[in-house]
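J.: Provided herewith is a single structure, encoded as structure tokens, for subsequent inquiry.
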Amino acid sequence: MKSKNKLIKNLSNISKTRRSFLRSTLAIGAGGTALSLFPGLAARAENVSGTIRYSNWIGGPGDIEMWENVIAAFEAAHPGTKIEYEPVAWTEYWTKLNTQFASRSAPDIIGFQMQSRTWGVEGRFEPLSEPFADLLDGIVDSQLKVTQAPINGGMEQYGLPFRMVGASLFGNISSMKAAGIDYPSEDWTIDDFVAAAKRLTNADQWGTAVTGGPVDLNQASTFGARPTTLDYSTATFNSPEYTEFIKWQHDLIYKHKVAPAPADLSTQKEPFSSGAVAMFPSASWMYPGYREIESFEWDILPDPIGSHEPKTYAGPDNLGITTDSKNKALAIAFLRFVFTRASQTIIASTGMPVVIDYLLDESRIAKEAASGPANYGYFVKGAVERGEGYAFAPPFFEILGHINDAYALIMNEESPDIDGILANANARIQQALDA
Amino acid sequence: MSQIKSPKATVIWILVFLFPPTIGLGLVYYSAVQGLTMGFTNWNMISSPKWIGFKNFGQIWNDYRFWASVSNTLVIVLVTVPAQIGLGLLAAVLVHRTKGKTSTILRFVYFYPTTCSVVALGLMWLFIYDAGGLLNQGLEFVGLESVRWLGYGNALLSVCILIIWTGFGYISLIYVAGLAAIPEQYYEAAHLDGANSWQQFFNITLPMLTPTTFFLIIVTTIGAMQTFGQVYIINGRADSTLTIVQYIYEKAFTQFNMGYAAALSWILISFILILTVIQVRLQRYWVSYDI
């Protein structure tokens, strides 16, 4: 209870800041300008009809079903409407989207990550501060900020977060029990983690795995490491902290021998659900897939503590209305429906709701925990109290590519030139940030 | 079908049949010219293109990823073209020398991969090359150590194997047609003169196939220079399998730097043109059109 009060206090403070921001935004007229330019957006649009297209990437095994359920609920509540859902694989989504933008045929509503800062200003997104003003107060502020962009001297909401996703350390509880390892307490350290990984490693299973990429943030943060500064202006991929983290991961493979080299890990089966890896950094969008696991008991483990308190990678996935939309009233109605309790409950199966009331609702948390992971509350708490938004700079894909390349060169060799590879990758990340 | 009698009608029919390819070629050349112009601009597909002169071409010269893609593409050309031609010829001779159902089965087996989607084949080979895939299972079964087929040092070779496996069936099909066109009398005369099979092959078959080989070298070289689908699926890390066309795709459709991608395209076209001209010039030294 004490914990919940603290969370609410945190979020309330954030909301006050956001309210003052919103007032100033509207005061400088950005919202008014938007209203005059797009009068259709001002409507609350309950009596809507027609068809719109909605496209998003397939983030995990449950995304398609999740959206089909949300759409079915919306169409049932709004007879005469049709939402044509266009799910696209992650690797093709951005390419397809940009070609649609170029040909002025983008779907009415699209999913996006951090692009509103450029796409909003470029005129690809409708401004949403005014038509959603009554909803914004209830949404987690740190997630809202990712979808804002400066315009006319103020800030405009060019999209809305529909869920928070994040990373956790997933544990094969059955293997842990078999190895005589108790469920770890929240103050366990990275040394305890390595010791547990050693006990879990056997002929059929690795204790852990080195993944690279965004889901590493929780572990990297315990070393005080992140690939760029928080304002994304400077690459810090070869900082002493990041170098120490990389060397620690390299040791997991070659010194402690508790993790496979990435090239030795099959890409044809998911490492955790297949039972190949016992403690695996993964993400909330995998919940629907992990809930299908029948061969062993699993849960989220607390993030082990290093020289720094661990952060929780937690960031929003967002929705925006494109300026190509032919039925903006229906697009607004659907987007508003996404923030109803019914929709947010469905969406929470792949992460967390963004509406504060639902996010912290204990009955909802208990319901998710009953489906798994049992320690879902730890994930929510981590995301709210020490979550770090994952809104990388616009060259996100380039940065991720350089990080993955460095991992491939370092983690697949027993004696790589770690400092040299990190320095080289850091220079390339900086180049991408400067471009 | 009724006969076309009047010259006027003939001209009309010629124009009718020429119309679709003319439109098609027109679009191709319009796109090419448009692409060249685009190479001198900075354009992200959304805002208006900005003229920046030769800046893209200057950047390409200092772009380490471009040179990595050139190096990988040249390796693919140097490995896959001779291998495909050699294996294709071998397969064609086998098909040519067999009769009946065996010949039909061999044709089917060799040519079938050529008819398959490169994406499907790429995915299939991903399973084969996987850490726990078919190849490594086979190696472990016979007591050998498994190989990181998709690791940094091996990924390009793995791509080459995929390209060779996919492509040599097409080569063999063309060679089978070339072999069928060689007059049988040449072999009969050589046989009467006491030439054995190897002598017949090297002194009759190979020289008579040089026009076919020349054609195949040209098309397979161009195909290898344009390698994309296989490396898009295999996708070795740290640019280990990055080809020029993949880099063009990446610049155009993931980074949306269309001007840069257009400039890269023109450099690729220039490479292909230079290689083709060299091959055409060199043909006089080894291609025989005498029958």
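Chain order of the listed sequences is A and B.
No gaps in the numbering here: position 224 of the first sequence is 223 in numbering that gives the first Met the number 0, and each next residue is one more.
No gaps in the numbering here: position 244 of the second sequence is 243 in numbering that gives the first Met the number 0, and each next residue is one more.
Glycine included, every Cβ here is placed at the ideal spot set by N, Cα and C.
All of these numbers come straight from a predicted model, not from anything done at the bench.
With burial defined as no fewer than 16 other Cβ atoms inside 10 Å of the residue's Cβ, what is the status of Q291(B): buried or exposed?
T.: Because chain B spans 0 through 290 in this model, residue 291(B) falls outside it and cannot be assessed.
J.: Pull up the CB-CB distance for T72(B) and T240(B), whole angstroms please, since I reckon it's below 8 Å.
T.: To locate residue 72(B), count along the second sequence from 1; it is residue 73. To locate residue 240(B), count along the second sequence from 1; it is residue 241. Rounded to the nearest angstrom, the Cβ distance from T72(B) to T240(B) is 10 Å, too far for a contact under 8 Å.
J.: What span of residues does the beta strand (DSSP E) with G206(A) cover, start to end?
T.: Position 207 of the first sequence, counting from 1, holds the residue named residue 206(A). Its beta strand (DSSP E) spans residues W205 to T207.
J.: From G223(A) to E308(A), what does the alpha carbon distance come to, in whole angstroms?
T.: As a working note, residue 223(A) is residue 224 in the first sequence. As a working note, residue 308(A) is residue 309 in the first sequence. Put simply, the backbone Cα of G223(A) is about 8 Å away from that of E308(A).
J.: When the Cα atoms are used, what is the spatial distance from L432(A) to T117(A)?
T.: Position 433 of the first sequence holds residue 432(A). Position 118 of the first sequence holds residue 117(A). One C-alpha to the other measures close to 14 Å.
J.: Using the Cα positions of R22(A) and E129(A), report the straight-line distance between them to the nearest angstrom.
T.: For the purposes of this step, residue 22(A) is taken as residue 23 along the first sequence, with counting starting at 1. For the purposes of this step, residue 129(A) is taken as residue 130 along the first sequence, with counting starting at 1. Here the model assigns R22(A) a pLDDT of 37, short of 50, so the residue's position is not dependable, and the following value carries that caveat. If I take the Cα positions, the gap works out to 11 Å.
J.: Under a three-way DSSP split, which group does I181(B) fall into?
T.: Counting from 1 along the second sequence, the entry for residue 181(B) is found at position 182. Collapsing the DSSP output to three states places I181(B) in coil.
J.: So, for F53(B): in the same chain, excluding its five sequence neighbours on each side, which residues have a beta-carbon less than 8 Å away from its beta-carbon?
T.: Within the second sequence, residue 53(B) is the residue found at index 54, counting from 1. Cβ within range, chain order: F39.
J.: Contact defined as beta carbons within less than 8 Å: I believe L172(B) pairs with F110(B). What is the distance between those atoms, to the nearest angstrom?
T.: Against the second sequence, residue 172(B) aligns to sequence position 173. Against the second sequence, residue 110(B) aligns to sequence position 111. Right, the Cβ-Cβ distance comes to about 6 Å (below 8 Å), so this counts as a contact.
J.: At 4 residues or longer, what runs of the alpha helix (DSSP H) sit wholly inside the region 69 to 108 of chain B?
T.: none
J.: If you run the structure through DSSP and keep just helix, strand and coil, what is V257(A)?
T.: As a first step, residue 257(A) is located in the first sequence; it is residue number 258 there, counting from the start. Note: V257(A) maps to coil in three-state DSSP.
J.: Using only the alpha-carbon positions, how far apart do T188(A) and D133(A) sit?
T.: Locating residue 188(A) in the first sequence gives position 189, where the first residue counts as 1. Locating residue 133(A) in the first sequence gives position 134, where the first residue counts as 1. So the alpha carbons of these two residues sit roughly 44 Å apart.
J.: Would you list, in chain order, the members of the region 84 to 96 of chain A that have their beta-carbon closer than 8 Å to a beta-carbon of chain B?
T.: W93 and T94
J.: Which residues of chain B have a Cβ atom closer than 9 Å to the Cβ of E121(A), listed in chain order?
T.: The sequence position of residue 121(A) within the first sequence is 122, counting from 1. Chain B residues near E121(A): N43, I45 and S46.
J.: Round the Cβ separation of G121(B) and G222(B) to the nearest angstrom and send it over; I've been treating them as touching at under 8 Å.
T.: Within the second sequence, numbered from 1, the residue matching residue 121(B) stands at position 122. Within the second sequence, numbered from 1, the residue matching residue 222(B) stands at position 223. At roughly 15 Å, the Cβ-Cβ gap does not stay under 8 Å, so G121(B) and G222(B) are not in contact.
J.: Using only the heavy atoms of the ligand ZN, determine whether one of them is closer than 6 Å to the beta carbon of F244(A).
T.: The ligand ZN is not part of the structure shown, which contains no ligands of any sort.
J.: Quick check: the Cα distance between T211(B) and Y174(B), rounded to an integer number of angstroms?
T.: Start at 1 with the first residue of the second sequence, and residue 211(B) comes out as number 212. Start at 1 with the first residue of the second sequence, and residue 174(B) comes out as number 175. Spanning the two alpha carbons is a distance of roughly 7 Å.
J.: Counting only Cβ pairs nearer than 8 Å, list the residues of chain B close to N201(A).
T.: Your numbering for residue 201(A) matches position 202 in the first sequence. By Cβ distance, chain B contributes nothing, its closest Cβ being about 17 Å from N201(A), past 8 Å.
J.: Using a Cβ cut-off of 7 Å (strictly closer), state whether N237(A) contacts chain B.
T.: Indexing the first sequence from 1 puts residue 237(A) at position 238. Not closer than 7 Å to any Cβ of chain B, the Cβ of N237(A) fails to qualify, so no.
J.: Using 7 Å as the threshold, is the C-beta distance between M278(A) and T207(A) below it?
T.: One-based indexing of the first sequence puts residue 278(A) at position 279. One-based indexing of the first sequence puts residue 207(A) at position 208. Contact flag set, yes.
J.: Grab the span of the alpha helix (DSSP H) containing G228(B) for me, first residue to last.
T.: What you label residue 228(B) is simply residue 229 of the second sequence in a count that begins at 1. G228(B) -> alpha helix (DSSP H) spans G228 to I233.
J.: Out of D323(A), W297(A), P149(A) and I138(A), which has the shortest C-alpha to C-alpha gap to A369(A)?
T.: Here residue 369(A) refers to the residue found at position 370 of the first sequence. It is W297(A).
J.: Can you give me the Cβ contacts of A434(A) inside the same chain, cut-off strictly under 7 Å, excluding the 5 residues immediately before and after it?
T.: As a first step, residue 434(A) is located in the first sequence; it is residue number 435 there, counting from the start. Once the five neighbours on either side are set aside, the close Cβ partners of A434(A) are P394.
J.: Use the C-beta contact count for H190(B): other C-beta atoms within 10 angstroms, 16 or more gives buried, fewer gives exposed.
T.: Counting from 1 along the second sequence, the entry for residue 190(B) is found at position 191. Label assigned to H190(B): exposed.
J.: Does the Cβ-Cβ distance between A219(A) and F244(A) come in under 7 Å?
T.: Residue numbering aside, residue 219(A) sits at position 220 when the first sequence is read from its first letter. Residue numbering aside, residue 244(A) sits at position 245 when the first sequence is read from its first letter. For A219(A) and F244(A), yes; Cβs fall inside 7 Å.
J.: Looking at the strands, I want to know which residues DSSP matches up with Q147(A).
T.: Position 148 of the first sequence holds residue 147(A). Bridge partners of Q147(A): Q156(A).
J.: List the residues of chain A that E106(B) touches, going by C-beta distances under 9 Å, in chain order.
T.: In the second sequence, counting from the first residue as 1, residue 106(B) sits at position 107. Looking at the sequence provided, one finds Arg at residue 106(B) rather than Glu. The contacting residues do not exist; R106(B) stays about 32 Å from chain A at best.
J.: Listing by chain order, which chain B residues have their CB less than 8 Å from the CB of A75(A)?
T.: Sequence index remark: in the first sequence, residue 75(A) carries index 76 (1-based). Going along chain B, no residue has its Cβ under 8 Å from A75(A), so there is no contact; the nearest lies around 37 Å.
J.: By a C-beta neighbour count over all protein chains shown, 10 Å radius and 16 as the cutoff for buried, is T21(B) buried or exposed?
T.: Counting from 1 along the second sequence, the entry for residue 21(B) is found at position 22. Looking at its Cβ environment, which holds fewer than 16 other Cβ atoms inside 10 Å, T21(B) is exposed.
J.: Let's test the definition: count the other Cβ atoms within 10 Å of the Cβ of N201(A) and tell me whether it reaches 16, buried, or not, exposed.
T.: Here residue 201(A) refers to the residue found at position 202 of the first sequence. Answer is exposed; the Cβ neighbour count stays below 16.
J.: Using a cut-off of 7 Å between C-beta atoms, extract the partners of N403(A) located in chain B.
T.: Along the first sequence, read from residue 1 onward, the residue named residue 403(A) stands at position 404. What N403(A) touches in chain B: R236.
J.: With C-beta atoms as the reference, is T227(A) less than 7 Å away from T235(A)?
T.: To locate residue 227(A), count along the first sequence from 1; it is residue 228. To locate residue 235(A), count along the first sequence from 1; it is residue 236. For the 7 Å CB-CB criterion, T227(A) and T235(A) form a contact.
J.: Taking Cβ-Cβ distances shorter than 7 Å, what residues in chain A pair up with T293(B)?
T.: Limits of chain B in this structure are 0 at one end and 290 at the other, which puts residue 293(B) out of reach.
J.: What residue range does the beta strand (DSSP E) around V478(A) cover?
T.: Residue 478(A) is absent from the model: chain A starts at 0 and stops at 434.
J.: Please list, in chain order, the residues of the region 139 to 159 of chain B that have any C-beta partner in chain A closer than 7 Å.
T.: R147, L149, G150 and Y151
J.: Using DSSP with H/G/I as helix, E/B as strand and the rest coil, what is S238(A)?
T.: If you number the first sequence from 1, residue 238(A) lands on position 239. DSSP places S238(A) in coil when its eight states are reduced to three.
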